[in-house]
Every structure is written in C-alpha cells, then in structure tokens.
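Remarks on the structure that follows.
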Amino acid sequence: MDTALVLRLAVEDKRSPDGDEVTNLLNQSKLVAKLTSDFVDHPLFVVFRLLGLSEIPFIQDLPYTKKLLSYVNENISTPQGFSCLGGVAELVPCYNALLLEAYCRFGLADSKEAKAALHWIKSYQLFERDCRTTWRYKGVCKHGGCLGKVPCYIGIGKTIRALITYSESVDYTDNAVEELIDKGITYMLRHNMYQRLSSGAPISAHITDIMMPQSYALSLTDLTYIAGKRKLTDKPECASLMKLINNKQISENQWKIDYRYTYRGYMGFESKIRASNWISNLFPLWLS
Numbered sequence: 068m069d070t071a072l073v074l075r076l077a078v079e080d081k082r083s084p085d086g087d088e089v090t091n092l093l094n095q096s097k098l099v100a101k102l103t104s105d106f107v108d109h110p111l112f113v114v115f116r117l118l119g120l121s122e123i124p125f126i127q128d129l130p131y132t133k134k135l136l137s138y139v140n141e142n143i144s145t146p147q148g149f150s151c152l153g154g155v156a157e158l159v160p161c162y163n164a165l166l167l168e169a170y171c172r173f174g175l176a177d178s179k180e181a182k183a184a185l186h187w188i189k190s191y192q193l194f195e196r197d198c199r200t201t202w203r204y205k206g207v208c209k210h211g212g213c214l215g216k217v218p219c220y221i222g223i224g225k226t227i228r229a230l231i232t233y234s235e236s237v238d239y240t241d242n243a244v245e246e247l248i249d250k251g252i253t254y255m256l257r258h259n260m261y262q263r264l265s266s267g268a269p270i271s272a273h274i275t276d277i278m279m280p281q282s283y284a285l286s287l288t289d290l291t292y293i294a295g296k297r298k299l300t301d302k303p304e305c306a307s308l309m310k311l312i313n314n315k316q317i318s319e320n321q322w323k324i325d326y327r328y329t330y331r332g333y334m335g336f337e338s339k340i341r342a343s344n345w346i347s348n349l350f351p352l353w354l355s
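Okay, here's the thing in structure tokens:
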C-alpha cells in the first residue's frame, strides 16, 4: 500500500498523524513522487494534477502543491468562481465544483477563491429541470448545455460531491449548502443515481466506471462517495446502484479501476490490471 493511502485512511478514520509521521509518509510515497515530477504551463494540466494531489491529505504544504495553487489563484480563479476555459464568460459548473472540492481538501474552504466558487453555486447552479439560471454568460450553453432546460447531470453530480466535501471541511453548518445538497440528491435519486428517466440506460459515459482520482467525468466512484457520505444506500432508489457496486467486486470488498482518463496533468493512481488499493479501502469506508 502506498504511504499516501495510509495518510488518506488515517484521515477517513478521523485520526490525526503527527507532523513527523506526515512528512515521512509523504516522502516515502511513490505516488507523491510521480504526481510532483513534472509541470506543464496549461490550465487543464494544473486542474487535473491538483485533483490527484487533493486526494492526499496534508500535501498542500509541499512546494509543488503551492506552485499549482498559486497558478490557479492567478490564472483560473475569478471573482465569480473557477474558470479554466477562458475567464468568467467560460465558467462551467463541473470545473468550478472540482476545484472547490480540491480547495476544501487542501484546507482552503474559507479562502476567497473557494468562497467565490461556492457563491456561484448558491446563486446560479440548477438542480431541477425546466428552471432558468440568472447567470448571463454563454459558456454554460456550450459543452452540451450545462444549465439548459435539462441541466447537465455531470455538473449536478460534481457539485453535490463538492458540497458534501465542503460541509465536512468547515466547522460550522451552512444551511444553504445543506438545502442544495438535499435538492441535488432528490434529483439524483429520481434517476436512481445514474439512469436516464426515459430508458434506464446510464446517463453519461463512464458513470458506471470506477476511476481514481476523479476527472470531469461523473463516475461510479463519485456516486459511491455521494451515496455513502449521505447514507443513501438503503433507499429504494439506490438499489440499482448498490447492485452495480456489488457486481463490480472481483472478490469480497475488492474492486478494480475500470477507466483511466487520458489528458495532460491527469495521472491515474493505479492500473486496471489488479485490485485497486485505493478503491478497495475507500468504498467500504464510505459505504459503512
């Protein structure tokens, strides 16, 4: 087991390793060494690399992580939220949510950058059909229609995941966030978490695939996180999802990576060949 996962499991179990132990585990991690081995001056490289780094606790103090966070603050963060596709006008829900979650994991939930992203969600994100956002820029009309008559399911799922992480990262209850989580989960449960209303088919590509770390694609990993963290597993609307998760096991409490996203900056944690240590440890914790 990579020592980065040892750190993650300690945090999931509400344990706090001391400073020397954290330093030693980060220094010993082959995964950390890989994630910090290169840099490309490109917004999406930085976003996808940060998503990987954010899965590892206490990594925000490494010089490499600080460099990437500075890049985001200077080039991707805007007063309205995170936009890696070309300024405020190109802000889209999924990337805004992805970076909000990453910032929360880095201990930056109360930073002005994260607060701007959260404010955008509270003000403009849709969690229901046949509604209209007051966001006036057109970037949300591209990429299949993020906030159209039928809002992008990926954007909803990623936003709910980010809000759940946010709620666990702050030491206070934000009632508006809790209301949005409930609203989004109600919408997702109506779809049995991953199925089209019209046909029962998977809503999007890779929504039934296991991946680690996350990318902009909504995956079974995301759905497991949402269902587990919010104690949805016994709900009738989650029966199909739980059956899918169980059927994906290659042996008891053992799962493999199904899909490895390919883009500059993204680095899959493990291969698809054998059981994933990350997933096989995290899924049972989330679902317990």
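Numbering of the sequence shown is given in our numbering, commencing with residue 68 and proceeding in unit increments.
Glycine residues also receive a C-beta, built at the ideal position from the N, C-alpha and C atoms.
Element boundaries [alpha helix (DSSP H), containing residue i]
i	result
Glu79	Thr70 to Glu79
Lys134	Pro130 to Asn142
Ile252	Asn242 to Arg257
His186	Lys179 to Tyr191
Val113	Pro110 to Leu120
Lys296	Leu287 to Lys296
Cys219	No alpha helix (DSSP H) holds Cys219; DSSP gives it neither H nor E.
Leu172	Reading off the sequence shown, one finds Arg at residue 172, where the question assumed Leu. Unbroken alpha helix (DSSP H) run through Arg172: Pro160 to Arg172.
Leu102	Lys97 to Leu102
Proximity of residue i and residue j at Cβ, strictly below 9 Å
i	j	result
Glu337	Ile324	yes
Ile312	Phe350	yes
Ser236	Ala176	yes
Leu354	Gly295	yes
Ser121	Ala71	no
Phe194	Gly332	no
Ile270	Tyr261	yes
Asn348	Met68	yes
Leu111	Cys151	yes
Ile143	Leu166	yes
Leu352	Lys302	no
Three-way DSSP call (helix, strand, coil) for residue i in this model
i	result
Ser318	strand
Lys323	strand
Gly28	In the structure as shown, the chain begins at 68 and stops at 355. Residue 28 is therefore absent and cannot be evaluated.
Ala342	strand
Pro269	strand
Gln262	strand
Met309	helix
Ser234	helix
Asp87	helix
Phe350	helix
Leu93	helix
Val155	helix
Thr226	helix
Ile126	helix
Pro303	helix
His210	Reliability of the predicted coordinates at His210 is poor, the pLDDT of 49 falling under 50, and the value obtained from them is presented with this limitation in mind. Here His210 sits in coil by DSSP.
Counted within 10 angstroms of its Cβ, other Cβ atoms place residue i as buried (16 or more) or exposed
i	result
Lys225	buried
Pro130	exposed
Ser282	buried
Ala243	exposed
Val107	exposed
Thr275	buried
Tyr233	buried
Thr329	exposed
Gly211	Residue confidence is low: Gly211 scores 49 on pLDDT, short of 50, so the model does not pin down where it sits. No coordinate-derived value is stated.
Any non-hydrogen atom of the ligand ATP closer than 8 Å to residue i Cβ
i	result
Pro84	In terms of ligand content, the structure shown is empty, and the ligand ATP therefore cannot be addressed.
Presumed contact (8 Å Cβ cut-off) between residue i and residue j, rounded CB distance
i	j	result
Gln147	Val159	In fact, because the Cβ distance is near 12 Å, the residues do not count as touching under 8 Å.
Val78	Pro124	4 Å
Ile126	Leu93	6 Å
His258	Leu264	6 Å
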